[in-house]
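Peer 1: Dumping the structure here so I can ask a few things about it.
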Amino acid sequence: MANKKVKDQNTQSKSRKRKIIDTIGVFALACVVIASLFGYLTLNQILAEKDKFDESLLHGDEPTTIMMKDADGNDVPAIQLSSGDGIRENTTYDQVPQVVIDAFLAVEDSRFFKHNGFDLPRFLKALLENIKTLSFGQGGSTLTMQMIDVTHGTTDESQNAIEKLFAKVQEIFLALEAESSLSKEEILMRYLNYINFGGVARGVQKGAEYYFGKDISEVTLSEAAFLAGVINAPNAYNPYLNYENAVERRDTALGLMLQHGYISQEEYDLAINTELAFQLNGTTNFEGDPLQSVIDYVRDYCDEELGIDIYQGNMVIYTTFDLETQQLYEAIMNGEYGYFEDAPLGLQSGSALIDISDGSIAAIAGGLNYSGDIRKNFGYSVERQTGSSIKPLLDYTLAFEYLGWSTDQIIADVPQDFGDYIPQNAGGAFHGDVTILEALARSWNIPAITALRDVINVVGQKKVAETMVSLGLDTFQDVLDGEVNLDLGMAIGGSEMTATPLQMAAAYAALGNGGVYVEPYAITRIEFLDGEQEDYVHEVVSRQVFSPQASYLMTELLVQAVSNYPSSFQGAMRSSYQVATKTGTSDWADAGAAYGIPTRAAKDKWTVSYTSKYSIATWMGFDNDENNVPYGYLTDAMMNQNIPTKINKLIFDTIHANNYPDDFVQPSGIVTITHIKGAFDNGHFAVPDGTPASMISTGKVISEFATLKTLTPDELSNLNSFTAVVNENAKTVDFTFTPYPDSEALNEFDGLYHGVDGFPDYTGTKVFDKKAVFGPIVYKVEVFQNGTSLGVTSFDTDTGSDTFDITPGVEARVCGYYGYQNDSSKSNQVCVTLSASETRKLGSSQTPETPEQPTDPTDETDD
């Protein structure tokens, strides 16, 4: 019985296990069926959304049209870009050398001639890597699939990981269709003739010309490897822009060719030791379009910001560029107005014009005789030292904003040591105390550096850098990232202070727009004619950077710098309408000696101007040659021609010819204050009664800083001793003071510095000293009789005598103290009592007088 029971239990246990296994099996089978059904339905959905393979898309025959504005503000077709523009030249398989074919296959798809458009092992390997890293960065695409991607636009950067996976499936099926319609050689050449090689070069033939100045049939192994490598990231690997990256990418391609057996070790060693720089002999100028600056800006913006290649065609791009103004720019830069007649080799200029109200770009000048060079568009892509043109933005506007400076601010232009930095003005002279207007108009450096230093002391370097970044000045992002120091040399446009004309025009536009910065743009929308992409519409981005009040105060001074200083460089901008202008110059200092350039020869010359409608920035200087050596420097004669200012004047007079801009309007929140001239310590000071007129000034200030402080004299030193004795012979009282410790304090204010910190020999104009208000320190004597003051007498010296109107025969109390000539402040008193018998020696003929303002005598040593 027991054995039977055990047997039954074993049977029941096996039955339960079988049921569990059966259940798991049924569940697993159900999951497989469901997953298969889901996969089938999903695949159907993906394929239903898939475009059909369209061979016509491989040719890109429909041009890209760039629209510009005519004189009435209407959109007009100004530029058409197609394969006939010279940026793409198709070549055949037979014309391409085997070394080029091998290079592309090694880098892109070594099994290209073995698969049917989809390489399953490669795809699975990439899929596993994506799952492992959760990045979905490995595409596993064959060369055929890549051709489909660039021609049919199956993927884009905006897609998430799942969308990219779905797009990849669609790409696979389109590749299979392409392989059934085209030969391998046709697919390869469709790809090589279409892809972007950098700059304006599209297709392998133009790539060879762009970099090496030769036909594709003539390229070497090293050159072929570079061409195969550069297409992965044309801008990042462009040797004209990033040489080290380009060499590294070329070397990677050579390694892949060696790995896949396309070249021998000997060939590899020879090619990898070839200097790529010696092979670069290409022309980067293809189109020669008279509106090339517009093409370049549109191309670069679309590529870098939107991921769109405008040379693919099939689109209409609407821009804010003004056709007539752009043509005027080009005429100026081509020498038609005489500004650049007989220009020396390497002299260049760039300029940008912006609508202040909305940030739209009206025109860009890329350079002299500009015909398209990705490396050297001096209007928007090349940064140069700004010189003094940065001062209104970085120094003075911030001083109005955070320090409470006024438009009649007095600043010391004296030698100073700013922590191991001892700057100088151009010419080496210092000018003493000057007004902010004169410092701005004369472009003196010390006042600007002082302003930035004081601002940093109040708000900190980070706040300053963040403000400048908000103005679109990229250099200060490097400051925030810790790559560049915000040193005081940047206050005058030195050190790492660089910008493009477009950046400067946009930043200055904020001053004319109530402190609101609008990110500059030129493309308003893009229509895609093939319907494959959603049309792009630009959204204007703006932000308040400066207050309207600080912006206006700065603008008012910049307008006055033009109108009040007609003989200055900016004075050439004087017009029948208000225009604000600042010029700037940077020099080579000692760095030019290596190139034979004289010490402190001029390097960059700027003029930035704005009205209530437009802002313009123009730069002039020398370009560098292919070895990064400057072609030259700006001579005094070139500087005195004042070409950037003349360009700004011509552009402004032209665009404002029939419609003068309104004057700048002062916003609320600004008040006029009358204060002591030159007296400032975290605020201005009220004018005391009796202050000389020469010490009174009036200016504008932001209202929150309008409260005036009370100026008080410095504390006086203690008087140690004072004696007073009767001189019977002279019938006077003779007195003696301890001499005042600071003998200089006894002198009248002469309006000069007598040394400054670290520079004891400096003399220069000094506007304010407390002595100018309160007078110098003097020795004062006050006499009391019968509890009544007989008055106060002041003396310039520490010894003297006087009768003091003392009544003989009456006890007198004589008190001495230090005081100010024009103020009632006084030190401690030291008093001496003269007995009746002593005063009797003064004679008996005097009659006592009653003073108008009696005061109580003090104790012997009152403080």
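Per our numbering, numbering of the sequence shown is gapless, rising by one per residue and ending at 866. For every residue, glycine included, the Cβ atom is placed at its ideal position computed from N, Cα and C.
#1: Indicate the three-state DSSP secondary structure (helix, strand or coil) for residue 379 in the structure shown.
#2: For residue 395, which of helix, strand or coil comes out of DSSP?
#3: Buried or exposed for residue 116, please, with buried defined as at least 16 other CB atoms from any protein chain shown within 10 angstroms of its CB.
#4: With distances taken between CB atoms, is the gap from residue 610 to residue 576 smaller than 9 Å?
#5: With DSSP as the reference, label residue 346 as helix, strand or coil.
#6: Using C-beta distances below 7 Å, list every residue in its chain close to residue 645, excluding the 5 sequence neighbours before and after it, in chain order.
#7: Helix, strand or coil: which one does DSSP assign to residue 80?
#8: So does the stretch 526 to 538 actually touch the stretch 308 to 322, counting three or more Cβ pairs closer than 8 Å?
#9: On the three-state DSSP scale, how would you describe residue 49?
#10: Threshold first: 4 residues or longer. Then list the alpha helix (DSSP H) segments lying entirely within the stretch 541 to 621, N to C.
#11: Helix, strand or coil: how does DSSP classify residue 726 here?
#12: Apart from the five residues just before and just after residue 749, which ones in its own chain have a Cβ nearer than 8 Å to its Cβ?
#13: For residue 623, which three-state DSSP category applies?
#14: From residue 271 to residue 200, what distance separates their C-alpha atoms?
#15: Could you say which of 402, 235, 343 and 321 lies nearest to residue 78 if we only look at CA atoms?
#16: Quick one: measure Cβ to Cβ for residue 96 and residue 191, integer angstroms, because I've assumed they're closer than 8 Å.
#17: To the nearest angstrom, report how far apart residue 248 and residue 584 are at their CA atoms.
#18: Quick one: what's got a C-beta closer than 6 Å to residue 889's C-beta in the same chain, skipping five residues either side?
#19: Hey, how far is the Cα of residue 619 from the Cα of residue 292?
#20: Leaving aside the five residues before and after residue 346 along the sequence, list all residues of the same chain whose C-beta is less than 8 Å from its C-beta, in chain order.
#21: Could you give the distance in angstroms between the alpha-carbon of residue 795 and the alpha-carbon of residue 787?
#22: Measure the CB-CB distance between residue 329 and residue 71 and report whether it falls below 9 Å.
#23: How is the alpha helix (DSSP H) around residue 777 delimited, first residue to last?
#24: Take every Cβ of the stretch 493 to 507, pair it with every Cβ of the stretch 403 to 418, and state whether three or more of those distances are shorter than 8 Å.
#25: Look up residue 277 in the DSSP assignment and say whether it is helix, strand or coil.
#26: For the candidate residues 391, 394, 352 and 405, whose alpha-carbon lies nearest to that of residue 379?
#27: Is it right to say residue 465 is buried, meaning 16 or more other beta carbons lie within 10 angstroms of its own, or is it exposed?
#28: For residue 588, which residues of its own chain have a beta-carbon under 6 Å away from its beta-carbon, when the five flanking residues on both sides are left out?
#29: Quick check: residue 100 and residue 220, are their CB atoms within less than 9 Å of each other?
#30: Flag this pair as yes or no: are the beta carbons of residue 102 and residue 204 separated by less than 9 Å?
#31: For residue 365 and residue 693, I'd like the C-alpha separation in whole angstroms.
#32: Mark residue 755 as exposed unless 16 or more other C-beta atoms lie within 10 angstroms of its C-beta, in which case mark it buried.
#33: What's the call for residue 552, buried or exposed, on a 16-neighbour Cβ count within 10 Å?
#34: Is residue 502 near residue 483, with beta carbons less than 9 Å apart?
#35: For residue 652 versus residue 686, is the C-beta distance shorter than 9 Å?
#36: Helix, strand or coil for residue 536? Go by DSSP, reduced to three states.
Peer 2: According to the structure shown:
#1: Here residue 379 sits in coil by DSSP.
#2: helix
#3: exposed
#4: Cβ atoms of residue 610 and residue 576: closer than 9 Å.
#5: coil
#6: 572 and 575
#7: It is a strand residue.
#8: yes
#9: The predicted position of residue 49 is uncertain, since its pLDDT is 41 and thus under 50; a value taken from the coordinates is nonetheless stated next. Helix, per DSSP.
#10: With a minimum length of 4 residues, the continuous alpha helix (DSSP H) runs that stay inside the stretch 541 to 621 are 551 to 566.
#11: In this structure, residue 726 counts as strand in the three-state DSSP scheme.
#12: 743, 779, 780, 781 and 799
#13: strand
#14: For residue 271 and residue 200, the gap between their C-alpha atoms comes out near 23 Å.
#15: 321
#16: Yes, residue 96 and residue 191 are in contact; Cβ-Cβ is about 7 Å, under 8 Å.
#17: 41 Å
#18: Any question about residue 889 goes unanswered here, given that the chain covers just 4 to 866.
#19: Roughly 23 Å between the two C-alpha positions.
#20: Close CB contacts of residue 346 within its chain, under the 8 Å cut and outside five residues either way in sequence, are with 338 and 371 (chain order).
#21: Answer to the nearest angstrom: the Cα atoms are 10 Å apart.
#22: yes
#23: Secondary structure note for residue 777: its alpha helix (DSSP H) is the uninterrupted segment 773 to 777.
#24: When C-beta atoms of the stretch 493 to 507 are compared with those of the stretch 403 to 418, fewer than three pairs fall below 8 Å, so the two segments do not count as touching.
#25: coil
#26: Each of 391, 394, 352 and 405 was checked against the Cα of residue 379, and the nearest Cα belongs to 352.
#27: exposed
#28: Cβ neighbours of residue 588 beyond the five flanking positions: 390, 605 and 608.
#29: If you check the CB distance, residue 100 and residue 220 come in under 9 Å.
#30: no
#31: 56 Å
#32: exposed
#33: buried
#34: No, the Cβ-Cβ distance between residue 502 and residue 483 is not below 9 Å.
#35: No, the pair does not count as a contact, with Cβ atoms beyond the cut-off.
#36: coil
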